[in-house]
Structure formats: structure tokens, C-alpha cells
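Reading through the C-alpha cells given below for one structure.
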Amino acid sequence: MNPEIVLRDYRPADLDAMYRLDQDCFSEEFRFDRESMRLFAEDSDALVCVAETTEGEIAGFVIVHMEPVSAGRRGYVVTLDVAQEHRRTGLAGRLLLTVEERAAATGASWMELHVFTGNEGAIRFYERSGYTRRDIKRRFYGKAGLDAFVYRKPLTSL
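So for the sequence shown, my numbering puts the first residue at 69; every next one is plus one.
In C-alpha cells:
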């Protein structure tokens, strides 16, 4: 049985555990280095939601950047990580919905993200979560030059 999980805001003391989780969740071409993760999480325009077990372990997290665009503001999902033992429990959906609601409350009109074209599980998850494929970005991911789909979800219905 999974322990109870509480969603809360990021604290700088979370960085090492978040970095380790990112290393566990993604293969090398998709991982962040520790300093990049710190910069993303601690940016003044970041929304970061951390899922913590009652034992104090980080079960997952999501980092979203609020960005100005010509049509107002958007939330951009930098990364969404869930520990293997907490997958398929609805945790990713809870994390995503929480940051969508927070982004909408700060004036974002939509959320956007990139997902590797070969990540069928993530593609299904985002499509079930109301995201629509808008484009493809060639050679988006690092040195490997892997392609990404661009997904978007309007926040007007939240």
C-alpha cells in the first residue's frame, strides 16, 4: 500500500532528492543537470509542486514556468517526474492539475509542453489530461537530437 502523499510547494532543501528522482526517471538525453534543475525550480516565475510521502520522501514533482507570450501568459511544463513505485496511482494527474489551477490563477491562458515522440506512455497521459498535439519540434532533445511533440491545453475550463 502506498503511503499518503501530500502536495506542497518546493523548498531549496528538496533539490538533491528532486535531482536524484530526475536521474531515475529519465535516460541521459532527457535529464537535467543539478544546476539547471536548481535554476528552473528557484526561478521567480516558476510554479513547483512537490509530492511528499508521510515518511518525508519525494514521490514526484512538477516544475512549470510562467512565461509572457503575445496573447498574455502561458504555463510551460519544464518537467514532471514521478517515482516508479508511485506511478499509475493518479499522482502525475494530481500534480499536473494542481499546477494547471495555479497557472490559471496567475493569469495563464494555456499550458504547453514538449514530449519525446517515442514516449508513448507520456503521450497517452497528456492526451487523457486534455492536451492536444500542436506541432513537432525537430532535434529538440540535446546531443541526441531527438524530436518532440508540442502539446497545449487551454486553461479557460479550469
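Beta carbons are placed, not taken as given, at the ideal position from N, Cα and C, and that holds for glycine.
| Where do the N-terminal and C-terminal ends of the beta strand (DSSP E) with T200 fall, by residue? | T200 to Y209
| Run through DSSP, which three-state label would Y194 get? | helix
| request: Look up L148 in the DSSP assignment and give the residues it is bridged to. | output: V130
| Applying the criterion that 16 or more other CB atoms from any shown protein chain within 10 Å of the CB defines a buried residue, is V228 buried or exposed? | Limits of the chain in this structure are 69 at one end and 226 at the other, which puts residue 228 out of reach.
| Which value, in whole angstroms, describes the spacing of the CA atoms of M134 and G140? | 10 angstroms
| task | Under 8 angstroms by Cβ, that's how I've got E97 and L181 pegged, so tell me the actual separation to the nearest angstrom. | result | E97 to L181, Cβ: 17 angstroms. No contact.
| field | Exposed unless 16 or more other CB atoms sit within 10 angstroms - verdict on A151 | value | buried
| field | Beta carbon of Y78 nearer than 8 angstroms to that of V116 | value | yes
| Residues that L184 bridges to, as DSSP identifies them | The sequence given here has Phe at residue 184, not Leu. According to DSSP, F184 bridges with A216.
| query | In chain order, what residues of the same chain lie with their CB nearer than 6 angstroms to the CB of D82, ignoring the 5 residues before and after it? | reply | V118
| field | Euclidean distance between Cα positions of H154 and L89 | value | 12 angstroms
| message | Along the chain, where does the alpha helix (DSSP H) containing D165 start, and where does it finish? | response | A small correction: the amino acid at residue 165 is Leu; Asp does not occupy that position in the sequence shown. Unbroken alpha helix (DSSP H) run through L165: L159 to A173.
| query | Between the beta-carbon of G128 and the beta-carbon of L159, is there less than 8 angstroms? | reply | yes
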